[in-house]
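Everything below concerns the one structure shown next.
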Amino acid sequence: MMQLPGLAGRRVAVTGAATGIGYDIAKTLLDAGCRVAVCDVDAAAVEEASANLGNALVSVADVADEEEVSRFFGEVSEEFGGLDALVNNAGIAGPTSAVEFVSAEEWQRCVDVGLTGQFLCVRSCVELLRDAGGGAIVNMSSVVGKLGLALRAPYSAVKFGVIGLTQCLAKELGPSNIRVNAILPGVVRGRRIQQVIDARAEAIGVSSQEMEKTFLSAVSMRRMVEASDISAMSAFLISDLGRHVSGQSIAVDANVETI
Numbered sequence: 063m064m065q066l067p068g069l070a071g072r073r074v075a076v077t078g079a080a081t082g083i084g085y086d087i088a089k090t091l092l093d094a095g096c097r098v099a100v101c102d103v104d105a106a107a108v109e110e111a112s113a114n115l116g117n118a119l120v121s122v123a124d125v126a127d128e129e130e131v132s133r134f135f136g137e138v139s140e141e142f143g144g145l146d147a148l149v150n151n152a153g154i155a156g157p158t159s160a161v162e163f164v165s166a167e168e169w170q171r172c173v174d175v176g177l178t179g180q181f182l183c184v185r186s187c188v189e190l191l192r193d194a195g196g197g198a199i200v201n202m203s204s205v206v207g208k209l210g211l212a213l214r215a216p217y218s219a220v221k222f223g224v225i226g227l228t229q230c231l232a233k234e235l236g237p238s239n240i241r242v243n244a245i246l247p248g249v250v251r252g253r254r255i256q257q258v259i260d261a262r263a264e265a266i267g268v269s270s271q272e273m274e275k276t277f278l279s280a281v282s283m284r285r286m287v288e289a290s291d292i293s294a295m296s297a298f299l300i301s302d303l304g305r306h307v308s309g310q311s312i313a314v315d316a317n318v319e320t321i
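The sequence shown begins at 63 in my numbering and counts up one residue at a time.
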């Protein structure tokens, strides 16, 4: 990845970053010279990530827990002396089920992690960003946040909510020189999307191979995107090249036409 202006030395917190897209974002930013703090709810994954992320600050924290979020950003402030950017990546897939079979507990947990968690992280870091003279917030939504997805009501609703939160925050925080954008990944190659494909295939009674073909038939470029594509967009939005980009919901999806 080319060196983007302004990234070196930038202090960035990435949530849900012990595995998957979040891990790739953290690694990309570290390689670009950022000082990176990551958190994740999975203690075993955090321990492994800590061994692989060099000098990153790595912490176990559930973004749905107000006290744990406050503790994490307290650690970030103490270690880095401030913050320049937040990547709100943490989220869960939620159930794959007809809406009448989704429990209230499943619904609530998906909302707590994927939407309330983003609110809690922004609330905890916004003064740090103001003290730094401004900065960037990148909220992770999804292509289902603009298209919706049958049998995934909790997840889809959360991702629509992330776009709404992003637009509100961009207006509210813009005068403080804090830009706020959402990234909408499409079908990203990896363990999570394979689990989604497998679960949806089982729910409607087809093979996983057939389900994957169905997913990609609705993608104009007929291919999955890579975690590195999401990382590159995150880095761009945090860098000085993204200094006038705010309030946007940017799909990185090879043009998903419908779901």
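Heads up, the beta-carbon is just placed ideally off N, CA and C, and yes, glycines get one too.
Taking 8 Å as the cut-off, decide whether the C-beta atoms of residue i and residue j are in contact.
| i | j | result |
| --- | --- | --- |
| Met273 | Ala289 | no |
| Leu69 | Ala297 | yes |
| Gly137 | Leu182 | In the sequence as presented, Gly is not what sits at residue 137; that position holds Glu. Result no, Cβ atoms of Glu137 and Leu182 do not sit closer than 8 Å. |
| Ala75 | Cys187 | yes |
| Ser238 | Lys221 | no |
| Asp102 | Ala126 | no |
| Ser269 | Ile259 | no |
| Gly144 | Leu190 | yes |
| Ile300 | Arg133 | no |
| Tyr85 | Ala111 | yes |
| Ser279 | Ala316 | no |
| Glu141 | Ala99 | yes |
| Gly82 | Arg254 | yes |
| Val318 | Gly267 | no |
| Met286 | Val250 | yes |
| Gln256 | Ala155 | no |
May I ask you to list the residues that DSSP assigns as paired with residue i?
| i | result |
| --- | --- |
| Ile240 | Gly197 |
| Leu119 | Ala99 |
| Arg73 | Arg97 |
| Leu231 | Its beta-bridge partners do not exist; DSSP assigns none. |
| Asn150 | Asn201 |
| Ala313 | Leu246 |
| Val281 | Val318 |
| Val287 | Val250 |
Exposed or buried, what is residue i when buried is set at 16 or more other beta-carbons lying within 10 Å of its beta-carbon?
| i | result |
| --- | --- |
| Arg97 | buried |
| Ala166 | exposed |
| Val242 | buried |
| Lys275 | exposed |
| Asn117 | exposed |
| Glu121 | The amino acid occupying residue 121 in the given sequence is Ser; Glu does not appear at that position. Ser121 should be labelled buried. |
| Cys172 | buried |
| Ile292 | buried |
| Asp302 | exposed |
| Ala313 | buried |
| Ala219 | buried |
| Ala88 | buried |
Would you mind giving the Cβ-Cβ distance between residue i and residue j, rounded to the nearest angstrom? I have them listed as a contact below 8 Å.
| i | j | result |
| --- | --- | --- |
| Val206 | Ile321 | 6 Å |
| Ser308 | Ala232 | 5 Å |
| Ala152 | Gly196 | Contact doesn't hold; Cβ gap of about 23 Å is too wide. |
| Ala36 | Leu115 | Nothing can be reported for residue 36: it is not among the residues displayed for the chain, which extend from 63 to 321. |
| Met295 | Ile240 | Incorrect: roughly 18 Å between the Cβ atoms, too far for contact. |
| Thr158 | Leu209 | Contact flag wrong, Cβ pair sits at about 16 Å. |
| Leu148 | Ile199 | 5 Å |
| Pro216 | Glu168 | 6 Å |
Return no unless some Cβ of chain D is closer than 8 Å to the Cβ of residue i.
| i | result |
| --- | --- |
| Ser165 | Absent here is chain D; the protein component of the structure consists of one chain. |
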